[in-house]
Structure formats: C-alpha cells, structure tokens
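What follows is one structure encoded as structure tokens, with my remarks underneath.
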Amino acid sequence: MFPNKISPIYVKQVERTSGVVNTDPATAADRELEIIAQAQQGDRRAFGELVRRHRKGVVNVVYRLCGNANLAEDAAQEAFIRAWQHLPSYRPRSPFRNWVYRIATNAARDVLRRERETVDVDAISVPASNGNPEAALETTERSRTVQQAVLALPPASREVLVLREYENLSYQEIADTLNIPIGTVMSRLNYARGKLRQSLAPYFQEEL
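Residues in the sequence shown are numbered consecutively from 14, following our numbering.
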C-alpha cells in the first residue's frame with residue numbers, strides 16, 4: 014500500500030541533503046522516470062531524490078509568489094507533502110517539474126490565503142557587489158523595487174510571469190502547469206509585463 018503521509022520534518026531533512034547531479038540530459042530524464050516509478054511504489058528514499066532534484070526550483074517559484082521567506086518555506090514543504098500524497102496519480106505525459114510546479118503554485122496560493130501577512134521585502138537575498146557598499150545598496154534597492162512590483166501584480170498574472178521569467182518555462186509548459194490555454198498564458202504575460210513597465214518606469218527610465 015502506498016503510504017499517503019510524509020512529515021514536514023522528513024521533507025526538511027531531505028532538503029538539506031546533497032544529491033548527485035547527472036549532466037547528461039537524456040540519461041538524467043530516463044533516470045528520473047525510474048526514480049518516479051520507485052517513489053510511486055512507496056519508496057521514500059526515491060521520493061527524497063525527487064525533492065533534492067526539484068527543491069531549488071520549487072522554492073524559487075513559491076518565494077517569488079509569496080515574497081516572504083517564511084511563507085515560502087511553508088509553501089515549499091506543503092508542496093512536497095502534497096506531491097507525495099498525489100504521486101500515484103502522476104503520469105509522465107508532461108515533465109515531473111511542471112507537475113510539481115503546479116502543486117507548488119497551488120500551495121503558495123493557499124499559504125497566502127491563510128496568512129494574509131504583509132510582504133517581507135527586507136528578506137530578499139541579493140548578491141554582493143564586489144565589496145562596494147554603494148553598489149550593494151543600489152542593488153538591494155533595485156531588487157526590492159522589482160520584487161514589490163511583481164508582488165503587486167494580480168496572482169494569475171504573477172504566476173505566469175514567475176514561471177516564464179524566473180523559471181524559463183515555455184508557453185506550452187506554463188499552459189500545462191497552470192492548466193490554462195496558451196492564449197491565456199500570453200495575455201496574462203503581456204499584461205504583467207505592461208504593468209511592470211508602468212510601475213518601474215519612474216525607477217528605470219533608461220532601461221525601460
């Protein structure tokens with residue numbers, strides 16, 4: 014029988030464990046199908062490998078949608094718990110990544126709906142700028158401004174923008190992930206980009 018429960022503690026332990034990366038795309042894809050099949054039989058270790066492979070992408074998606082590090086952590090854990098619970102229903106007609114991103118998007122929606130917290134833009138992590146304090150401050154402010162603009166978008170448009178601009182999914186992959194027509198993907202993306210240009214124009218005149 015497939016065990017339908019997995020604890021947040023287990024997910025967190027798996028997330029902290031490093032996995033071996035296979036650089037051959039074809040071999041990696043075939044191997045992932047094998048791992049999925051094992052996990053669907055209830056193999057928790059195999060599922061742990063899936064968590065390691067997709068954790069970074071899931072965390073990035075939910076963080077961009079939530080805008081708060083704590084909420085993003087909750088959403089990521091919830092996403093992997095749901096993925097485990099629904100894993101027997103997964104069929105490899107579409108990439109596992111897209112399937113788990115759909116779950117992650119729904120988890121982020123639910124976390125935001127429950128919490129209704131103020132966005133913690135100060136938790137944004139930005140790279141250092143070669144020890145130049147002024148450059149570092151400018152980078153932080155720019156990152157915060159962009160993040161605020163993204164979070165101000167309607168959720169449906171924000172989801173499409175995050176999957177396209179941050180995760181580099183194709184229009185078809187976004188359509189499959191969110192279960193919407195490609196035309197809807199394009200219209201939401203165009204809307205999101207237009208709103209961003211409008212909101213960011215006062216800050217980045219030369220770039221926009």
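C-beta atoms are modelled at their ideal positions from N, C-alpha and C, and glycine is treated no differently.
Taking a contact to mean a Cβ-Cβ separation below 9 Å, would you say residue i touches residue j in this structure?
i: residue 75; j: residue 41; result: no
i: residue 66; j: residue 45; result: yes
i: residue 88; j: residue 112; result: no
i: residue 103; j: residue 160; result: no
i: residue 100; j: residue 49; result: yes
i: residue 6; j: residue 155; result: Beyond the ends of the chain as shown, which are 14 and 221, falls residue 6; an answer cannot be given.
i: residue 125; j: residue 168; result: yes
i: residue 170; j: residue 208; result: yes
Helix, strand or coil for residue i, going by three-state DSSP, please let me know.
i: residue 196; result: helix
i: residue 217; result: coil
i: residue 165; result: coil
i: residue 107; result: coil
i: residue 176; result: helix
i: residue 119; result: helix
i: residue 181; result: coil
Within the continuous alpha helix (DSSP H) that includes residue i, where are the two ends?
i: residue 59; result: 57-79
i: residue 54; result: Looking at the DSSP string, residue 54 is not in any alpha helix (DSSP H), and its letter there is neither H nor E.
i: residue 84; result: 82-99
i: residue 191; result: 184-191
Roughly how many angstroms lie between the CA atoms of residue i and residue j, to the nearest whole one?
i: residue 105; j: residue 82; result: 31 Å
i: residue 185; j: residue 91; result: 26 Å
i: residue 175; j: residue 203; result: 13 Å
i: residue 201; j: residue 163; result: 13 Å
i: residue 43; j: residue 107; result: 14 Å
i: residue 109; j: residue 181; result: 15 Å
i: residue 59; j: residue 196; result: 37 Å
i: residue 211; j: residue 57; result: 47 Å
i: residue 86; j: residue 179; result: 18 Å
For residue i, which residues in the same chain have their Cβ closer than 7 Å to its Cβ, ignoring the five residues on either side in sequence?
i: residue 194; result: 188
i: residue 134; result: Because residue 134 carries a pLDDT of 41, less than 50, the predicted location of this residue cannot be relied on, and the following value inherits that uncertainty. These residues qualify, in order along the chain: 80, 157, 160 and 161.
i: residue 172; result: 78, 118 and 191
i: residue 177; result: 187 and 202
i: residue 128; result: 84
i: residue 165; result: 212
With a threshold of 8 Å on Cβ separation, who are the neighbours of residue i within its own chain once the five nearest residues in sequence on each side are excluded?
i: residue 192; result: 115
i: residue 71; result: 89, 92, 93, 113, 114 and 117
Can you list, in chain order, the residues of its chain whose CB lies under 6 Å from that of residue i, leaving out five sequence neighbours each side?
i: residue 206; result: none
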